[in-house]
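Residue numbers (the numbering used here): 445 to 800.
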């Protein structure tokens with residue numbers, strides 16, 4: 445294994461706001477417990493869009509060049525010593541989370557709240573954690589989750605956002621089985637939350653958005669009723685009440701509408717990442733509404749891989765299109781236009797099958 449050559453990898457590195465460059469770096473030979481992956485698909489996430497368009501996410505700013513991407517999949521190209529479960533040619537999704545393993549949260553099974561989390565493609569720390577938009581990647585085998593034959597790299601690359609949504613659904617204390625569910629905002633996370641709630645047994649799902657194209661995807665992902673809020677501004681209350689609401693838009697009016705449409709003792713899970721907003725606290729207290737946050741995922745990454753691998757959850761309807769690395773600017777432009785796109789992918793290796 446020590447004689448394996450270093451690979452030259454193409455990477456997409458952001459240098460500053462709207463300054464995304466196709467460059468190269470080395471992908472080392474895999475060491476003990478590592479694999480090298482010929483990457484195939486990388487999804488563009490909301491945080492990638494913020495880094496690209498605004499130079500940061502909230503208070504987190506890009507302070508040095510960073511390889512973006514944390515939703516990606518590819519095929520094992522080489523394995524290091526001690527790796528037996530993965531073999532060359534196997535399609536895998538890469539879990540971008542690298543918790544420390546020894547803080548109080550890691551020890552209690554809540555690695556998502558690790559006090560020293562290193563999340564690939566994040567500018568939170570300095571030096572930044574380099575991401576997954578690479579043609580070749582050397583990484584610990586423990587971060588790789590295998591898929592059966594017949595699943596495309598595009599589907600596999602949806603594992604990370606689906607894991608986020610599976611965790612969000614798990615935050616409802618009594619579950620969503622046989623309940624009426626509202627999902628506000630039908631971007632990629634909203635649509636995958638619909639699918640996750642459906643898979644968890646939700647009886648009836650209502651989805652809302654301002655975009656007719658997004659609502660069409662929501663229907664394909666399992667929404668029973670969709671509401672175009674431009675045409676039906678009172679549609680949320682008209683279709684309610686609901687037992688559970690998943691707020692995926694991060695819009696204050698959506699939060700308020702959801703709270704008002706919930707049954708007493710209803711649950712609102714805030715999935716969208718918003719800034720400071722006003723809430724009708726008096727109404728929430730009087731009606732005993734539970735307002736619950738949700739953050740990333742833990743074991744749900746493996747659950748997402750299993751759901752996609754079995755097609756219990758079919759993620760293909762959310763994939764709008766795929767662009768080669770040398771057209772990354774066009775891919776980001778499309779991803780920024782929510783009237784035309786849901787999930788946009790980048791083809792990370794020119795030798796892959798170029799499947800959508």
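We put the CB at the ideal spot given by N, CA and C, even for glycine. As the structure is a prediction and not an experimental result, all values here were calculated from the model.
Could you pull the start and end residues of the beta strand (DSSP E) that residue 480 belongs to?
478-487
Quick one: residues in its chain with C-beta nearer than 8 angstroms to the C-beta of residue 588, no 5 flanking neighbours on either side, listed in chain order?
479, 481, 520, 530, 536, 537, 538 and 539, listed in sequence order.
Given 8 angstroms, three or more beta-carbon pairs between the stretch 719-733 and the stretch 671-678
no
Kindly indicate the opening and closing residues of the alpha helix (DSSP H) around residue 492.
490-498
What does DSSP give as the partner residues of residue 458 in its beta bridges?
464 and 510
Verify whether the separation of the beta carbon atoms of residue 788 and residue 775 is less than 8 angstroms.
One thing to note: residue 788 has its Cβ within 8 angstroms of the Cβ of residue 775.
Decide if residue 548 is buried, meaning its Cβ has at least 16 other Cβ atoms within 10 Å, or exposed.
exposed
Return helix, strand or coil for residue 764, following the three-state DSSP convention.
strand
For residue 452, does the three-state DSSP call read helix, strand or coil?
Look at residue 452 here: in three-state DSSP terms it is strand.
Would you list the one or two residues that DSSP bridges to residue 624?
648
Residue 646 to residue 541, Cα distance in whole Å?
Spanning the two alpha carbons is a distance of roughly 29 angstroms.
Put residue 794 into one of helix, strand or coil per three-state DSSP.
Assigned with DSSP and collapsed to three states, residue 794 falls in coil, not helix or strand.
By Cβ distance below 7 angstroms, which residues in the same chain neighbour residue 505 in space, the five residues on each side in sequence not counted?
Excluding the 5 residues flanking it on each side, residue 505 has same chain C-beta neighbours closer than 7 angstroms at 499 and 567, in chain order.
Residue range of the alpha helix (DSSP H) that includes residue 694
Per DSSP, residue 694 belongs to no alpha helix (DSSP H) and is neither H nor E.
At 4 residues or longer, what runs of the alpha helix (DSSP H) sit wholly inside the stretch 546-593?
Here the runs fully enclosed are 548-551.
Excluding the 5 residues flanking residue 614 on each side, which residues of the same chain have their C-beta closer than 8 angstroms to its C-beta?
744
Is residue 787 helix, strand or coil when you go by DSSP?
strand
Please return the same chain residues whose Cβ sits closer than 6 angstroms to the Cβ of residue 467, not counting the five positions on each side in sequence.
For residue 467, where only same-chain residues beyond five positions count, the Cβ hits under 6 angstroms are 455 and 457.
Selected residue, minimal CA-CA separation from residue 716, among 680, 778, 618 and 628
628
Figure out for me which residue from 584, 594, 543 and 687 has the closest Cα to the Cα of residue 616.
Answer by Cα proximity: 687.
For residue 533, which residues does DSSP report across the bridge?
Looking at the DSSP assignment, residue 533 forms no beta bridge with any residue, so it has no partner.
Straight-line gap, residue 474 to residue 586 (C-alpha atoms, nearest Å):
13 angstroms
Buried or exposed, going by whether 16 or more other CB atoms sit within 10 Å of the CB of residue 559?
exposed
Quick one: Cα of residue 782 to Cα of residue 447, how far?
47 angstroms
Since residue 598 and residue 763 should fall inside the 8 angstroms C-beta cutoff, what is the C-beta to C-beta distance between them, to a whole number of angstroms?
5 angstroms
From 601, 632, 600 and 644, residue whose alpha carbon lies closest to that of residue 618
644
Beta-carbon within less than 6 angstroms of residue 736's beta-carbon, same chain only, minus the 5 sequence neighbours each way: which residues are those?
Closer than 6 angstroms at Cβ, skipping near neighbours: 615 and 713.
Just to check my reading of the structure: residue 684 and residue 658 have Cβ atoms closer than 8 angstroms, yes? What is that Cβ distance to the nearest angstrom?
Going by Cβ atoms, the distance from residue 684 to residue 658 rounds to 20 angstroms, so no, they are not a contact pair.
For residue 687, name the three-state secondary structure that DSSP assigns.
strand
May I have the straight-line CA-CA distance separating residue 698 from residue 532, to the nearest angstrom?
47 angstroms
Can you tell me where the alpha helix (DSSP H) holding residue 604 begins and where it ends?
603-614
According to the neighbour-count rule (16 or more other Cβ atoms, all chains shown, within 10 Å of its Cβ), is residue 740 buried or exposed?
Buried, since its Cβ has 16 or more Cβ neighbours within 10 Å.
Can you tell me the Cα-Cα spacing of residue 677 and residue 721, whole angstroms?
20 angstroms
Specify the secondary structure class of residue 472 as computed by DSSP and reduced to three states.
Here residue 472 sits in coil by DSSP.
6 angstroms CB neighbourhood of residue 574 in its chain, flanking five on each side removed
511
Neighbour-count burial assignment, residue 725, 16 or more Cβ in a 10 Å radius:
exposed
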